[in-house]
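Residue numbers (my numbering): 804 to 1032.
Note that the Cβ used here is the ideal one computed from N, Cα and C, for glycine as well.
A quick note: this is a predicted structure, and the numbers were derived from the prediction, not measured.
Worksheet: the structure to be examined is printed underneath.
This is the structure in structure tokens:
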């Protein structure tokens, strides 16, 4: 078992559908006069999917709050928008220093996400599958486009030793420390229930669709094969 707060990354990271509103004209059988068209609902903004860095996490002292928690609890952390955030969280822009408040099992930790060098993953994501690791736990595997490998390796070199965060909309779904080189695959690992795995995987697949992925992407198949950890 790994030490709390440490996630090895040997070449990989352990880490709504659009509403199509239709204006409908209903004819009254009595008067044959059309009723006003139903108001068209605005389409939701695409869900942001990004790999970024937890600001200040290179300093080991900043990691003590996470080290005190069980690794399974760490993996279940969810980022919630905080009232005291610096700047507005905007999924359509790469805003810098967005403050979020994370909560898990009654604990609360303030986190700043440094988005200056963030990797926007949605355009690079090609497939999402639910697999099982050697212990039989469910994990979510993210396969990126081949051209993502160079960008991910550069991200790894620049941020070795820091804590990364896979941000999905207003959630942090995984936050491991970068200890190795990331390439064209990422794994989201945690003490997730089957429903949680399906929910997260579903949001990831919608992110692919929103980004206009090429044909053949966006796999929804689950796999029982063993995943290296």
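Cβ neighbour criterion (16 or more within 10 Å) applied to residue i
i            : result
residue 924  : buried
residue 1013 : buried
residue 959  : buried
residue 921  : buried
residue 1015 : exposed
residue 939  : exposed
Expected contact under 8 Å - CB spacing of residue i and residue j to nearest Å
i            : j           : result
residue 965  : residue 942 : Incorrect: roughly 22 Å between the Cβ atoms, too far for contact.
residue 927  : residue 988 : Actually they are not in contact, since the Cβ atoms of residue 927 and residue 988 sit about 11 Å apart, beyond 8 Å.
residue 1002 : residue 850 : Not a contact, Cβ separation roughly 12 Å.
residue 1007 : residue 971 : 7 Å
residue 857  : residue 961 : So it is not a contact: roughly 14 Å between Cβ atoms.
residue 1000 : residue 933 : 5 Å
residue 929  : residue 957 : Not confirmed; about 19 Å, so no contact.
Start and end residues, alpha helix (DSSP H) containing residue i
i           : result
residue 965 : No alpha helix (DSSP H) holds residue 965; DSSP gives it neither H nor E.
residue 957 : 951-961
Span of the beta strand (DSSP E), counted from its first residue to its last, around residue i
i           : result
residue 944 : 941-947
residue 999 : Segment 997-1013 is the alpha helix (DSSP H) holding residue 999; no beta strand (DSSP E) there.
residue 929 : 928-936
residue 988 : 988-992
residue 853 : 852-857
residue 976 : 974-977
beta-carbon residue i near the ligand FMN non-hydrogen atom, thresh 6 Å
i           : result
residue 853 : Questions concerning the ligand FMN fall outside what the structure shown contains, since it holds no ligand whatsoever.
Worksheet item: Between the segment 951-960 and the segment 972-980, do three or more beta carbon pairs fall short of 8 Å?
Response: The segment 951-960 is not in contact with the segment 972-980.
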